[in-house]
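Take a look at the structure set out below.
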Amino acid sequence: MRQTLTELYDARVSAGLLRADPAQAAVLADLESLRAWLEANATRRVGLFAGLFAKPVTPPPGLYLWGGVGRGKSMVMDLFTESVDITAKRRVHFHAFMQSVHKGMHEARKTGTDDPLAPVAQAIIADTRLLAFDEMQITDITDAMVVGRLFEKLLGAGVVIVTTSNRPPKDLYKNGLNRALFLPFIALLETRFTVRELVSPTDYRQHRLTGQQVYFHPAGRVTAQIDAIWTDLTGNAKGEPLALPVNGRSVTVPRFANGVGRASFWDLCARPLGPGDYLAIASAIRVLILEDIPRLSASNYNEAKRFVTLIDTLYEAKVRLICSAADTPERLYLEGTGAFEFERTASRLREMQSADWAS
Ligand SMILES: Nc1ncnc2c1ncn2[C@@H]1O[C@H](COP(=O)(O)OP(=O)(O)O)[C@@H](O)[C@H]1O
Ligand SMILES: [Mg+2]
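Okay, so the sequence shown: first residue is 0 according to numbering that gives the first Met the number 0, each after it adds one.
This is the structure we're talking about:
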């Protein structure tokens, strides 16, 4: 039997998977009507592609769901996306999606087209009726200049868009370069979307980690515990690589899902990465699971130095850190240049373990 979103949500509450939260429940009502519409119009061609004689149907406005971190925006959106009974749906991380758009436009330019966005949009429209974006965030001028036209094309073709974000539309791309050119996109969001703030009092991500052990040693024997944390925070997502642009290059977090990144020490500290890379990572994720931190010494001075920069950056950005290491923070780097400075890093690693850190 088909269950409403509210029923699906209540079932999770009864099963002890979620705590009942009226703010979340309220958003489900908006999403329920969107779901009903999508299912009723699953095969009907809409907008531009309405048949010549069929009356075009205009989809209802999409949902722009914003609010503080850990309020359950992604959870609510995923519950909706999973339950909509149509096949032409896609759930994507906004940033990863925009990267694929740029890549597609780059390919299209080679064919000499004067609108490289058109074939990219067309390919999306061809198999998507519902597009769910997680974590819309505009920091990059290349995204800022493309996203408006892209949304126009998608909405014009009847694609229903839902999105989560940490900011209201008017604060997107705040202080960005050429922001005037971006304002029509804000107007589009404000007029063609239902803009909703998820005003839950609880940061559930923080809540889930409170009292949770987050620093494990010795590494190697603790993989199962780290896996359990990953499962809890991501809802057992497989995760996918997250490539982030840094000055024309890109840095990759090997596994990413639902705001949580997972990498080994070797992925992030044994490669020639620098402060810019760590900054990009810290601003794209909320939790980092960093595995296999080894004992460090003068022989791996470069790795140790990068590790210090990484921890400083995560600390400043208030990213939650979960790690497995060869030893306690104080015993990770006992001798070699910089061992003294490492004391500060060890102290930060301690501080980042405390229950209320970053809350
Ligand atoms: N009502 C709730 N009860 C318990 N856990 C929740 C609830 N809502 C969300 N969570 C969990 O809290 C974490 C953060 O939720 P998420 O949807 O990722 O937040 P946001 O996208 O707003 O940052 C996730 O692990 C999620 O499953
Ligand atoms: Mg989220």
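No residue lacks a Cβ here, since even glycine has one placed at the ideal position from N, Cα and C. Predicted, not measured: the structure shown is a model, and the values here were computed from it.
Run of the beta strand (DSSP E) containing residue i, from where it starts to where it stops
i	result
Tyr63	61-65
Ile225	No beta strand (DSSP E) holds Ile225; the alpha helix (DSSP H) holding it covers 222-233.
Thr193	192-196
Val83	Element bounds for Val83: n/a, residue is neither H nor E.
Leu7	Looking at the DSSP string, Leu7 is not in any beta strand (DSSP E); the run it does join, the alpha helix (DSSP H), is 4-13.
Secondary structure of residue i, DSSP reduced to three states
i	result
Val245	strand
Ala334	Reading the sequence as shown, one finds Glu at residue 334 and not Ala. Coil.
Pro253	strand
Ile280	helix
Val75	helix
Ser263	strand
Lys88	strand
Ala325	coil
Val307	helix
Leu272	coil
Pro183	helix
Arg349	helix
Val286	strand
Glu302	helix
Leu16	coil
Arg70	coil
Phe52	The predicted model places Phe52 with a pLDDT of 49, which falls under 50 and marks its position as unreliable; any figure quoted below should be read in that light. Correct three-state label for Phe52: coil.
Arg178	helix
Arg364	In this structure the chain extends from 0 to 358, so residue 364 is not present and cannot be described.
Arg319	strand
Lys237	coil
Arg343	helix
Terminal residues of the alpha helix (DSSP H) in which residue i lies
i	result
Asp29	21-39
Leu208	203-208
Met104	93-108
Within-8 Å CB hit, residue i to chain D
i	result
Gly219	The structure shown contains no chain D; it holds only a single protein chain.
The region 23-33 contacting the region 187-197, beta-carbon criterion three pairs below 8 Å: yes
Segments assigned beta strand (DSSP E), at least 3 residues, entirely inside the region 117-176: If we require 3 residues or more, the beta strand (DSSP E) runs fully inside the region 117-176 come out as 129-135, 159-164.
Three or more C-beta pairs below 8 Å linking the region 285-292 and the region 312-325: yes
Segment contact flag, the region 154-171 with the region 127-138, C-beta cutoff 8 Å, min 3 pairs: Segments in contact, yes.
Stretch pair the region 198-205 + the region 219-228: three plus CB contacts closer than 8 Å: no
Validate contact between the region 340-351 and the region 222-242 using beta carbons, cut 8 Å, 3 pairs: no
The region 148-160 / the region 104-112 touching (three or more Cβ pairs under 8 Å): no
Heavy atoms of ligand 2 versus C-beta positions, residues under 7 Å: Lys72, Ser73, Asp133, Glu134, Thr163, Asn257, Gly258
The region 90-102 touching the region 202-215, judged by at least three CB pairs closer than 8 Å: By the Cβ rule, the region 90-102 does not count as touching the region 202-215, because fewer than three pairs are nearer than 8 Å.
Contact the region 71-84 vs the region 176-185: 3+ CB pairs below 8 Å: For the pair of segments examined, the region 71-84 was found not to touch the region 176-185: the number of CB pairs separated by less than 8 Å stays below three.
Three-pair Cβ contact test at 8 Å for the region 250-266 versus the region 275-289: yes
Given 8 Å, three or more beta-carbon pairs between the region 82-96 and the region 122-129: yes
Given 8 Å, three or more beta-carbon pairs between the region 293-300 and the region 310-317: No, they do not touch.
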